[in-house]
Amino acid sequence: MNANEKYQANFRSLTPSSLEKERSFTNISRAPEDGTAEVKPAASPNLKNVVVALIVVVVIAVGCIAALVVVLTTKDDGEGDHTTVPPRTTTTDHMTTTISIPTNHQTTSIASTSSQTTTGTIDGIWSTWGDWTKCTSTCDSGIHKRYRRCEGQDSNQCLGDFTETEVCVEMSCPEYGKWTTWGPWESCGVSCGGGFQSRTRSCSKAESSDIDCIGTSFQEKTCNEWKCPVSSKMLDCSRVCDVGVLDDDCDICFCDGEVVSGRVLAVDTSNPVSNAVFYWSSSPTKNLGESSSTGLFTLENMCPESELIVSRPGFVDAAVLVTTSYLLVNMSKTVSPYLTKTPQSKNRLVGEDVTLCCDAVASPPINYYEWMKDGLIIEETLYAEGNQLKLFSLSTTDSGSYKCRANTNAGAIMSPTATLNVKEISNDFCIDALQQKTIALPDDCVQPRTNTATYNVGECISKGCRENTTSESNVCHEDITSCCTIGDADLEKVQCSDYELDVIVIRSCSCGACASTSLTVFGTALGLEDGSPLRYGEVFVNGVYKTFTSNTGTFSFVATKDSPRITLNLRDVYLKQFLPAVKVIEINDKMNGNLRVKINMIRTVKPIEIESTTENTLIAGASASKPIVQVSIPANAFYYQNGTKFEGTVQASFAFVDPTNISTFNNIPGSFEIVNQEGERAELASQAIFNLFFEDLSGNPLILDDVIDLYLPLESGENVQDRDVKLWRLNTKTGIWEYITQGPGKRRRKRQESARWIGEIDWSIISGNEWLNYDYVYDITDNPCYFKIRLFQDETMYSSIVNPEKQIEVTYHILRDNKTTLRTISDYIYYPESDCVIGICENETAYITLHYYGRKGYDVLFAGKPELGQSNQYFELMDNNKTLKLQMSSKSIGPFYDGYSRCSATGKDENHLRYHYGETSEVFTYNKFFSPTQGNIENQILISQRTWFPKRQEGYRVCFVKVRILVEIEYLSPGQFIKLRATSKGGTNENTHNFTFGIREYKIQNLTDISLCVEYKCSGTIDPVFQEMDDFTKIELKLFYPESEMTSSVTQEADFLTDFQSLPNVAQIGRTDGIYEIYAPTVYTPDLGLYSATSDQLDIESATNTAEGECISGTPQNLDDQNPDLGVAVYFSLN
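Each residue of the sequence shown is one higher than the one before, starting from 0 at the first, in numbering that gives the first Met the number 0.
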């Protein structure tokens, strides 16, 4: 084994779904066979050239701080004996180095001590516990932490945790009353001249001692502001009209015999608006006429330049000036307010200023804004500009949760919570950022104290902080430039079979610089059933057109972070193969680089042919015998959009999605949320989701001049008869469902004895081809509970993930009402050891899935067996372990807890749910990315030279080598395995020669058609920051196999000698030690089995997909085919 091999548990996720393309190649997973490690005695290794390096792993560019660095120390250079399975040992040597990672206020200091222990170990001694951190809550319960240090020669000599979290109880919080929903507006007190309308609400108190609600119980607005006709005593009937004559009331001028006609259309849909009423602007109590069911109108005695008002429920009043004899009146639908900018969470030092911003749009426009801190309304003088809250000379008491609410006559909208943290000094932000973390070591590094190949280390969660006061204080949205990073750390040395590992154990965290980059969304829209792409579909983002999909269904755009929510709306306007898709993406300031999204498109259904001249009833449901949706379509009601009546055969496209079908959970459009009258979000329990539109036989859209009534069959709705089920439509701008109010139609509804009326579709408001829903509102706060999810690297559940690079979306689905309705709740976790997820504990079964935005897009984590303690609670792992089925019931022992603080304080040994990323080939990477710090320049140069992805002039480059393995046996004996280890080492540059940059391992399970695409560190420029120089990476490919049953030989190799004579490569055909070594060239050489791709925006995922895809196909620019024997670098034969 070569010198200076090194390991680090810093993995890249590679799930089974991401390996779908390699099925004809091989199924791979990380060795070992199981998660256990057997302890075997071994002779003490003959060590030479112990290397100790200060490693500060800076992965700030991707928003996480790696907490583990390992340095490999081995025997002399040379081939040595061929090893099939690494031996294991219990012999352990220890060395400890204390590291102080510098901040702006420090200089680097390194204190190193080492001692060699003999057989056995000396027990470490825990220091006394430090002080508790400040309680996270100022009243009722919160949590606080304290830390201790192991005074032994390494931290694993002390059994137990170095952090402790407990619930802290302060004085009781004041109990405030809760407002009831606003009542309806009272009628206007006058018909003209300006009056007032009012509405009220009441303060509901659980106890008489509760504090009065903050805010007002009374609201008032003006109404009927037009001028009143003059009284008969004051009539001036002597005035002369400029055009026409004065009417009998002497208040308007009319032109006898002059007729004005026209049509009223909705702005958004161009559909006709029925029942729109016309008034004189000078006498708005006089009804001049109204539009027909097709939007047509005729007004008599109209003079030129007459001013009119057009009014219709569900629309904003329109002002019209008569200029021609034919008028086209465009009316805007009433639009509930939605947010375009939300307040950003910010960190400040005492004495600084801060500005929080909030913007919303609505029709009619926003009337006023309100700001709240910790749920209480703030004095209006602090936000004179309405949508901006400005606070000056901050103190720690200004810390808290802030929200804004935008109010309009059409409703209100409440912003998400923004947290303002005000601290005395920078490092106060990070005093509780240190988390305990366990990492997995190679399986021949079993530790005597635990008898496992694991090690306890710390990690700093990269939450935001405030490094200095130079940042802008008066801007709405700030880039995150400071994060919690490593403060103090110890470098501890761990003995393995024939090498040593250096492990950094983090002792404290401090505030330091971090990079903030833009966020680019890369999407793929594919058919749910067959994977066919959405070609040339329109892509709208928050209601604004952004781009269109390519021929392969891909699209991309740069996202703004003004709002924490991106709502994607994809429309197949040309080929019309798919129904509209709506997907909501939650983002945050921590998310940088690239976000990959997959949209599952639901295909349009085969239309049902009906006759326009007869009344028709359509039904849909999970089965024909039990319909859920019943649609009543009136006869002779179909028209074209231009108002031409249609008679003939109608194609009715009626698509139904059963929300109670487990297979459709993750493909339902939008999110199951509504906004109530207080502007707060509430959850929906869904019974039916459907899409309905009509066309003639040529595919031209049809509309109706009458409403369509929708019913819930009584038999199907027997489980929800006591629920307030309503009809809702999906707002494609927000992804939120909106209640469809009953229109002004005057048609008498047909009585249904066997069905319950739910609502109606008025084509003046609904465009057709929209998603509709049968739902009732359910308040999640009625029966809340909380649970914690712990993340791990792989199925061994050894290496914990406390600081994931991307946020994790937790979604759980609950079937209610005898499995006839679906409740879907989504929450997000950023730091699993600290975050708890809100749940609904009603003793009902939940289906829990976790998603993240990974290399292949919107991917699913794998569920592990939950920690349930002695509970006999039933659970089931479903959908290839991607869904956990579990009853949600709160218990004192968990995993579902009554209180958030109790959940947050749970330790790793208490009950919780467990998930992991799946298989991975990445065993070790010395350092992925480099970002300069203010530390020791020599150490920074060292790290920069050894970074896996240096920022070269061409960008970040990813490389793969293609390896073919031919196995003549059909199967392996139980317990045997074959794996390929690929080690990237420093090659021709003397500064990095034989230094191990990283290791990848591939365990081979399928013995036929083995073709592996193996990642290696690309040759080229190293240390581009300080001393730009080149290196040609040395790739060592090593096979591990049952040596007693087979032999290895290199049978073919690419012609590296002819093409790159300057590199020290040698011919290796016939080599029988299971090893193949090459120095990789810097140029793109797919003909030699080496593939690469570059990204200049830290888009490692895209570059990886391209390089690996070309490697699998063996052809440049071909990412679809699988050709095991094309473009191969080396062939191994196992006989």
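Heads up, the beta-carbon is just placed ideally off N, CA and C, and yes, glycines get one too. Bear in mind that the values here come from a model prediction, so they are computed numbers and not experimental data.
A417 is positioned such that its CB atom lies no closer than 8 Å to that of I365. For G1019, the enclosing beta strand (DSSP E) covers residues 1019-1021. For the pair R147 and W131, the CB atoms are not nearer than the 8 Å cut-off. Boundaries of the beta strand (DSSP E) around G592: 592-600.
If you draw a 10 Å sphere on the C-beta of S799, you find 16 or more other C-beta atoms in it, and that means buried.
For the set E866, T449, V1013, N223, the Cα lying nearest the Cα of L883 is the one of E866. Taking C-beta separations shorter than 7 Å and ignoring five residues to either side along the sequence, the partners of P363 in its chain run V315, T407, N408, A409, following chain order. The C-beta distance from A411 to Q676 rounds to 7 Å, short enough to meet the 8 Å contact threshold. Beta-bridge pairing by DSSP links Q387 to C356. Under a 10 Å Cβ-count criterion, R238 is classified as exposed, with fewer than 16 other Cβ atoms of the shown protein chains found around its own Cβ.
By the Cβ rule, the segment 1082-1096 counts as touching the segment 958-976, because three or more pairs are nearer than 8 Å. Secondary structure at T380: helix, using DSSP grouped into helix, strand and coil. DSSP places G1108 within a helical segment (H, G or I) once states are collapsed to three. Counted as a single uninterrupted DSSP element, the alpha helix (DSSP H) harbouring R901 occupies residues 899-903. Counting along the chain, T1057 sits inside the alpha helix (DSSP H) bounded by residues 1055-1058.
For C429, no beta strand (DSSP E) run applies, since DSSP gives it neither H nor E. If you ignore the 5 residues before and after E832, its C-beta comes within less than 6 Å of the C-beta of Q434, V801, all in its own chain and listed in chain order. Secondary structure of P1085 (DSSP, three-state): helix. The three-state secondary structure of N420, taken from DSSP, is strand.
Boundaries cannot be given for G868, as no beta strand (DSSP E) includes it and DSSP labels it neither H nor E.
With at least 16 other beta carbons inside 10 angstroms of its own, I828 counts as buried. Note on the segment 189-226: whole beta strand (DSSP E) runs with a minimum of 3 residues are 194-199, 217-222, in chain order. The DSSP-derived three-state label of Q939 is helix. With fewer than 16 other CB atoms across the displayed protein chains lying within 10 angstroms of its CB, L696 is exposed.
Contact annotation: I213 and L320 have beta-carbon atoms that are not nearer than 8 Å. In the DSSP assignment, M330 falls within the unbroken beta strand (DSSP E) covering 325-330. When C-alpha distances from T164 are compared across Q156, M170, S140, the shortest belongs to S140. The C-beta distance from Y710 to R755 rounds to 6 Å, short enough to fall under 8 Å. By the 16-neighbour rule on beta-carbons within 10 angstroms, P1063 is exposed. Unbroken beta strand (DSSP E) stretches of 3 residues or longer found wholly inside the segment 828-853: 836-839, 843-853, given in chain order. Inclusion of N300 and C254 in the CB contact set at 8 Å is warranted, their separation being smaller than that value. Closest in alpha carbon position to V242, among R198, S201, T199, E306, is E306. Take G669, set aside five residues on each side of it, and the residues of its chain with a beta-carbon closer than 6 Å to its own are V581, L729, G734, in chain order. For P700, the enclosing beta strand (DSSP E) has its first and last residue at 700-703. With the rule of 3 Cβ pairs closer than 8 Å, the segment 246-263 does not count as touching the segment 604-618. Judged by their CB atoms, P894 and L876 are not nearer to each other than the 8 Å cut-off.
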